[in-house]
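Working notes, beginning with the structure itself.
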């Protein structure tokens, strides 16, 4: 069965520091991979997705993620954190790549940004 | 404006009193889904629908029902709510292809006492 692992539940960084949120997936073949963000009291919003094109994927708000098959990882990064990045972040996997596939979410990581 | 709407946004009810949470999308999406979000557990899929009259169980379907009589609507029904169904519920929709993003509604916070 497909799954994603997001280690830790909370990450705290200083404003201007690098943001690194980790995601590892389990799948025998490359799945579709997504990062979603949830701001307080809102629904989820897509940050970026990997669908087997370029392995380095750029998303909104300066975020990017790199698909590494050898490490079964899809870590999310941003070079310089902003206060507005404080939110909960979810990694998600969709496999198999068929019409009946479903999206499986990780448990989420809360990002705090210190002034 | 393209959106997914849910109603109500907040609901407090008592054990055993049937309730329905509505979900509607205006994007002509084929795929719709319901999730519940609980602290430390992330989002778990309850039910999903590939198209009108086509629904299937997700990971946590017990105690829930759904129907898809029209493409735009996908209500979630709790026929006999229990306290363990207290949660934050999200409806989402997407085009049929699994590579497309899902658009989420604003959420419904349900409390069952």
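Protein chains in written order, with the working numbering: chain A, 630 to 744; chain B, 3 to 115.
The C-beta atom is built at its ideal place from N, Cα and C for all residues, glycine as well.
Separation of residue 71 (chain B) from residue 25 (chain B), as counted between CA atoms: 12 Å
Residues, ordered as in the chain, of the region 43 to 66 of chain B that lie near chain E by beta-carbon distance below 9 Å: Given the protein chain composition of this structure (A and B), no chain E is represented.
Any C-beta of chain A under 8 Å from that of residue 103 (chain B): yes
Mind pulling the beta strand (DSSP E) runs of 3 or more residues that sit fully within the region 665 to 732 of chain A? 673 to 679, 685 to 687, 693 to 697, 702 to 707 and 716 to 723
In terms of residues, what are the limits of the beta strand (DSSP E) holding residue 652 (chain A)? No beta strand (DSSP E) contains residue 652 (chain A), which DSSP labels as neither H nor E.
Does the separation of the CB atoms of residue 33 (chain B) and residue 78 (chain B) fall below 8 Å? no
Pick from B:57, B:23 and B:110: whose alpha carbon is nearest that of residue 49 (chain B)? B:57
Return the chain-ordered ranges of every alpha helix (DSSP H) run that is complete within the region 24 to 67 of chain B and spans a minimum of 4 residues. none
For residue 66 (chain B), count neighbouring Cβ atoms within 10 angstroms of its own Cβ and tell me buried if that reaches 16, exposed if not. buried
Rounded to whole angstroms, what is the Cα-Cα separation between residue 88 (chain B) and residue 22 (chain B)? 14 Å
Closer than 7 Å at the beta carbon, the chain A residues around residue 108 (chain B): 671 and 672
Taking residue 648 (chain A) as the reference, give the member of A:704, A:656 and A:721 with the closest Cα. A:704
Comparing the C-beta of residue 76 (chain B) with each C-beta of chain A, is any distance below 8 Å? no
Identity of the residue in A:671, A:694 and A:652 nearest residue 682 (chain A) by Cα: A:694
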